[in-house]
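For reference, each letter of the sequence shown is one residue, going 1 to 431 in my numbering. We treat Cβ as the ideally placed atom computed from N, Cα and C, and that holds for glycine. The model shown is predicted, which means the values in this text are computed figures rather than measured ones. Below is one structure; the comments refer to it alone.
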Amino acid sequence: MVTSPKLTSREEGAIESECRIALVGFGTVGRSVARILTSRANSSLKLTHVFNRNVDRKRVEWVPSEVRWTQDFDDVLKSDADVLLELVGGLEPAEQWVRRALESGKSVVTANKQLIARRGPELLKLARENRQHLLYGASVAGGIPVLLGLQEGLGGDRILRISGILNGTCNYILSQIENVKISFAEALEQAQAKGFAEANASEDIDGFDARAKLTILARTALGAELEPEQVSTRSIREVEEIDFAYAHDLGCTIRQISQAELKADTLFAGVQPALVSQSSALARVTGSQNVVVSAGEFGGETVFSGHGAGGDPTAVAVVSDLLWLARNRRNGAAEAAPTSKKSVSGDFKTAHYVRFKVADKPGILAALANVFSRHEINVDAVLQRAGHSKSALPFVITLEHCRVEKLRAALGEIRALDFHVAPPFDMPILD
Ligand SMILES: NC(=O)c1ccc[n+]([C@@H]2O[C@H](COP(=O)([O-])OP(=O)(O)OC[C@H]3O[C@@H](n4cnc5c(N)ncnc54)[C@H](OP(=O)(O)O)[C@@H]3O)[C@@H](O)[C@H]2O)c1
């Protein structure tokens, strides 16, 4: 993981020394971490402080009595804790607390993807300047050791591409539309009722959560310098039940896919709903499970999958980072992993699925074929299922590989034609 630098010969002989931990944020993940830390006998990891606002309502009897509960952050800063464990989430005040901890000579472990996606490089620099470590193995794909696996386990390869399912809420909603045959709105309502989605679910369904994780993955696996805003993002809101019917006819299903690919000096990066083959690793992931597939120049494909969220799986990743620190924190700051600036583009070259909904009349296919042909886009197939009303007839055209921007230009013209009852909806069909 970017976060856990390669062992030097000096570190190889490292042994675990006692590591004192101040836990900041006693919520879903914080409680699970405290449970693991307090149940490990003879561990080098020692919980010394629990910080939370209005801390009295957080106290639990199973935390040992010597642990200090506080709602004053200065208690944590001035303490002899070696590590600040940030599990509050969000940008502020988390960023200020992490900065102050590093500046005061404490290492930091966090699961905060938004903080690392937005401020990761500068916080890592601050950690190095203060000869401390900043570890964030739980910030992507919860309990799956994907950052560590990419940086350490696959460190000998040159990773060219990563794709994955990084948001369990989207996966749940899409699976419900597919299996229970309900609308997007109904599936979202169910996800919210079951506590899988926030009241404001935009962060998940519009792709911003996955974009933050993809940013961290692309820095780690592809060594690319990029900001979350550079990743093109499309919502899953427009996916309908009929799209699954047509996707199945094509041997595919639909998932929210995050992908990043390095080609020469360009990083192609995007988060969007896409068709994936039903036989692919991406199609087999259900519920809150996450998957990341990496493609290396020498080693080919590697698949990481498991629980992408939840207090306990995420806590395992956090405790693994703490154990790494217990072994290595005395060995000085990590060297920066090499990264380089790339131009970032969402203009992938793929095959495409385009679903139309039209008031049927003669000449529609000819009109569409004419526009695609003028834009030098080859039509692959036309799919039309029986049994739909002619006044809102859904049918699909699949297109051979072409750049997204070329498709956008053609669809711009197509939208102006007079037979649509809903705007055309397109998705890439991944190889
Ligand atoms: N939950 C997961 O499955 C999961 C998976 C991967 C990564 N993560 C990451 O892990 C981190 C923690 O997530 P979580 O699910 O444990 O969140 P959570 O349940 O909301 O817990 C956050 C805790 O921090 C406290 N807190 C928030 N703002 C505070 C403030 N300004 N001052 C003092 N205390 C404050 C909250 O106190 P109150 O009770 O008063 O609100 C709560 O106890 C986040 O960065 C999240 O993205 C979570």
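{"Item": "Within its chain, find whatever has a CB closer than 6 Å to the CB of T110; leave out the 5 residues flanking it on each side and keep chain order.", "Value": "E86 and Y136"}
{"Item": "Based on the DSSP secondary-structure assignment, which residues constitute the bridge partners of Q256?", "Value": "P273"}
{"Item": "To the nearest angstrom, report how far apart S9 and P424 are at their CA atoms.", "Value": "Residue placement at S9 cannot be trusted, given a pLDDT of 41 that sits under 50; what the coordinates show is reported in the next sentence. Those two C-alpha atoms are separated by around 59 Å."}
{"Item": "Leaving out five residues before and five after E361 in sequence, what residues of the same chain have Cβ atoms less than 7 Å from its Cβ?", "Value": "Looking at the sequence itself, residue 361 is Lys, so the reference to Glu does not match. F419, listed in sequence order."}
{"Item": "With a cut-off of 8 Å, do at least 3 Cβ pairs link the segment 93 to 107 to the segment 172 to 190?", "Value": "no"}
{"Item": "Using CA coordinates, which residue listed in E405, R255, S183 and G164 is at the minimum distance from I216?", "Value": "G164"}
{"Item": "Using 8 Å as the threshold, is the C-beta distance between D204 and T169 below it?", "Value": "yes"}
{"Item": "According to DSSP, simplified to helix, strand and coil, what is R99?", "Value": "helix"}
{"Item": "For the alpha helix (DSSP H) containing T314, name the first residue and the last one.", "Value": "G311 to N328"}
{"Item": "Could you tell me whether any non-hydrogen atom of ligand 1 is closer than 7 Å to the CB of K46?", "Value": "no"}
{"Item": "By DSSP's criteria, K406 is part of a beta bridge. Which residues make up the other side?", "Value": "DSSP, once it has assigned bridges, lists no residue as partnering K406."}
{"Item": "For ligand 1, is there a heavy atom less than 7 Å away from the beta-carbon of N179?", "Value": "no"}
{"Item": "What number of angstroms, rounded off, separates the C-alpha of P124 from the C-alpha of K263?", "Value": "Before going on, a small fix: residue 124 reads as Leu here, not Pro. Whole-angstrom Cα-Cα distance: 27 Å."}
{"Item": "Flag this pair as touching only if the segment 404 to 418 and the segment 360 to 377 have three or more C-beta atom pairs under 8 Å; answer yes or no.", "Value": "yes"}
{"Item": "In the DSSP output, which residue or residues are listed as bridge partners for W69?", "Value": "V50"}
{"Item": "Within 10 angstroms of its Cβ, does D249 collect 16 or more other Cβ (buried), or is it exposed?", "Value": "exposed"}
{"Item": "Which of helix, strand or coil does DSSP assign to P362?", "Value": "coil"}
{"Item": "Using beta-carbon positions only, say whether R415 and Y246 come within less than 8 Å of one another.", "Value": "no"}
{"Item": "By DSSP's criteria, I433 is part of a beta bridge. Which residues make up the other side?", "Value": "Examination of residue 433 is not possible in this model, given that the chain is present from 1 through 431 alone."}
{"Item": "So for Q114, helix, strand or coil by DSSP?", "Value": "helix"}
{"Item": "To the nearest angstrom, how far is the alpha carbon of K341 from that of S79?", "Value": "39 Å"}
{"Item": "What is the C-beta distance between A359 and V303, in whole angstroms, given that I count them as a contact (C-beta under 8 Å)?", "Value": "About 45 Å separates the two Cβ atoms, so there is no contact after all."}
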